[in-house]
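In terms of the working numbering, the sequence shown opens at residue 36 and continues consecutively.
By construction, the Cβ of each residue, glycine as well, lies at the ideal position given by its N, Cα and C atoms.
No experiment lies behind these values; they were computed from the predicted model shown.
One structure below.
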Amino acid sequence: MSRFRVLVVEDSLTVRMHLCELVQADPTFELVGQAEDGKQAIELCLALRPDVVSLDMMMPVMSGLAATEYIMAYCPTPILVVSSSLNRGELFRTYEALAAGALDVIEKPHPGQENWDQQYLSVLKLVARIKVITHVRGRRNAPMAPALPLVARQQRLRLVAIGASTGGARALVEVLGVLPSDFPLPLLVVIHIAEPFGHAFVDWLGDHCALEVRLARHGQPLPSRGVVLAAPGLHLQLRDGVQVCERGPERLSCRPSVDVLFESVVQEYGASAAAVLLTGMGQDGARGMLALHNAGGVTIAQDEASCVVYGMPREAALLGAAQRILPLAEIGPALAALAASASGRTS
């Protein structure tokens, strides 16, 4: 069986040697190269064509973000970001790298941390198996495309719930980035992102769209508009119009869980809610979307061609849970049209 060819990029010699030793000791991998800055990473990626890149963010000469943008544009390769997540600047660069096409992020090991080596190898294997495509960032302020004729089936819309996983940072920016600041409905969002990286994601996402973005707060009423992002490591639900953030059992190995959110939305809003399922690995959200579909709500799944990983939306499609399957670029405009209908405006 062929092994995954790995390029390790890390400016710290100590960390780089540790990562290389882990890769070399695992029969699943073949270490084909190592680099200490982003410029070397690009050169080796072009020359060696690895199957997966383990990439640091903060490096001399050229950052991990710049390297990610170039690699995904000119020699698309699965990238796992290995970040120290110590400061706001590095966190924001990590989110930008995810938006530019990096597939996942893991925190660098620290003294006393248990099972990190196995976790790193496990995530690296998952990322290596994902087929990626050329990824050149589009213009964030591109004009809104004509909205498709997607309408609520029974009553006016009151809420939108969105779920995303691998590739979700970029997908959320594209969907939310076309919505105006006066978008009249609340949007509840669950994205699978590791706990050390989740909190600052609120500010980063807010910088990329006109909507107010806030972190879910237990016991707080649901706002009338804006984006509410599930807190890392906590399920987000609605009960009597109030946000409930609980650590409860994982669902399909996920916490927060898209299914948990969608199911609570069904109970609270039924046919007056919409659910959107974006790119991501696994099945989370598919059954919750089916429940909303059966309740008469609007359900939209991202199509295969525009997904980084066609996992969660595919499961929804196979269950017959998606009322519409749309390219990523059409989902935001579709939501805008639905909101215009909900507020009584013509779209």
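Asked                                                                                                                                                                    : Found
Candidates LEU327, GLN278 and LEU361: which alpha carbon is nearest GLU298's?                                                                                            : LEU327
Around the C-beta of TYR304, are 16 or more other C-beta atoms found within 10 angstroms, so that it is buried, or is it exposed?                                        : buried
I need the DSSP call for GLY367, collapsed to helix, strand or coil.                                                                                                     : helix
In chain order, which continuous runs of the alpha helix (DSSP H) of length 4 or greater are located wholly inside the segment 75-120?                                   : 99-109
Output needed for ALA76: all residues of its chain with C-beta closer than 6 Å, excluding positions within five of it in sequence on either side, in chain order.        : VAL44, ALA70 and ALA102
Given a cut-off of 9 Å, decide if LEU250 and LEU223 are closer than it, judged by their beta-carbon atoms.                                                               : no
For CYS39, list the residues DSSP reports as bridge partners.                                                                                                            : Per the sequence shown, residue 39 should be read as Phe rather than Cys. Answer is PHE64, bridged to PHE39.
According to DSSP, simplified to helix, strand and coil, what is THR253?                                                                                                 : The residue asked about is misnamed: residue 253 is His in this sequence, not Thr. In this structure, HIS253 counts as coil in the three-state DSSP scheme.
Look at the Cβ atom of LEU264, then the Cβ atom of VAL237, and state whether they are nearer than 9 Å.                                                                   : yes
Please identify the residue among LEU361, ALA371 and CYS80 whose C-alpha is closest to the C-alpha of PRO219.                                                            : ALA371
Exposed or buried, which one is ALA245 when buried takes at least 16 other CB atoms within 10 Å?                                                                         : exposed
Would you decide whether LYS166 is buried or exposed? Buried here means 16 or more other CB atoms lie within 10 Å of its CB.                                             : exposed
Since ALA204 and GLU142 should fall inside the 8 Å C-beta cutoff, what is the C-beta to C-beta distance between them, to a whole number of angstroms?                    : No, ALA204 and GLU142 are not in contact; Cβ-Cβ is about 16 Å, not under 8 Å.
For GLN278, count neighbouring C-beta atoms within 10 Å of its own C-beta (all shown protein chains included) and say buried if the count is 16 or more, exposed if not. : buried
Threshold first: 3 residues or longer. Then list the beta strand (DSSP E) segments lying entirely within the segment 126-163, N to C.                                    : 139-142
State the start and end residues of the unbroken beta strand (DSSP E) segment that holds ALA309.                                                                         : 308-312
Please report the distance separating the alpha-carbon of ASP61 from that of PRO258.                                                                                     : 49 Å
At 4 residues or longer, and completely inside the segment 276-300: list those alpha helix (DSSP H) runs for me, N to C.                                                 : none
What is the DSSP secondary structure of THR334, reduced to helix, strand or coil?                                                                                        : strand
Closest to MET52 by C-alpha separation, out of LEU79, LEU81 and SER89, would be which residue?                                                                           : SER89
Here's the rule: buried if 16 or more other CB atoms are within 10 angstroms of the residue's CB, otherwise exposed. What is LEU353?                                     : exposed
Would the beta-carbon of ASP319 fall within 9 Å of that of CYS280?                                                                                                       : no
Helix or strand or just coil, what does DSSP make of PRO221?                                                                                                             : strand
Taking only the alpha-carbon atoms, compute the straight-line gap between PHE39 and ALA308 and give it to the nearest angstrom.                                          : 43 Å
How would you write the range of the alpha helix (DSSP H) that GLY212 sits in, first residue to last?                                                                    : 203-212
Give the C-beta separation of ASP46 and MET97 to the nearest angstrom, bearing in mind that I take them to be a contact with Cβ-Cβ under 8 Å.                            : About 11 Å; that fails the 8 Å criterion.
Going by DSSP, name the residue or residues bridged to GLN69.                                                                                                            : VAL43
Just to confirm before moving on: does the CB-CB distance between SER162 and LEU138 stay below 9 Å?                                                                      : Contrary to the premise, residue 162 reads as Val rather than Ser in this sequence. For VAL162 and LEU138, yes; Cβs fall inside 9 Å.
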